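Below is one structure; the comments refer to it alone.
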Amino acid sequence: MTEFKPEEFLQSLDQEKFDNLKKENLILLAEHLSVSVKRSMKKREIQYKVAAELVESKVFKESILKDYICEPTEIECKMMELELKIMKLKLKERT
Numbered sequence: 018m019t020e021f022k023p024e025e026f027l028q029s030l031d032q033e034k035f036d037n038l039k040k041e042n043l044i045l046l047a048e049h050l051s052v053s054v055k056r057s058m059k060k061r062e063i064q065y066k067v068a069a070e071l072v073e074s075k076v077f078k079e080s081i082l083k084d085y086i087c088e089p090t091e092i093e094c095k096m097m098e099l100e101l102k103i104m105k106l107k108l109k110e111r112t
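Note that this note's numbering has the sequence shown beginning at 18, numbered continuously upward.
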């Protein structure tokens, strides 16, 4: 297996190659671009952050970002709903 080299990858980058990156290589690319990511993040989240950096540096067009937007899972939605209820209760207590 050949070693992934972010600088070489960037020289011939296109969206298809970007989409096909394994998560580990995507993390290496993020580090090379000084994009803050965590291994615990979903691959799609990492792709979005790296793609945003590539848009910023004019490698990709801004329209590409829509392809990497992460929709919250059902559990994440429930958590947000609960957090909202808690915030509303705290506000109610103050008044």
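Where is the CB? At the ideal position from N, CA and C, for every residue including glycine. Predicted, not measured: the structure shown is a model, and the values here were computed from it.
- Contact the stretch 51-58 vs the stretch 19-34: 3+ CB pairs below 8 angstroms: no
- Query: In whole angstroms, what is the alpha-carbon distance linking Leu-51 and Leu-27?
  - Reply: Rather than Leu, the amino acid found at residue 51 in this sequence is Ser. One C-alpha to the other measures close to 14 angstroms.
- Message: Classify Gln-32: buried if its beta carbon has 16 or more other beta carbons within 10 angstroms, exposed otherwise.
- Response: exposed
- Going by CA-CA distance only, name the one from Ser-80, Leu-108, Tyr-85, Glu-110 that's closest to Asn-37. Tyr-85
- Under 7 angstroms Cβ to Cβ from Val-76, same chain only, skipping five residues before and after it: list those, please. Leu-30
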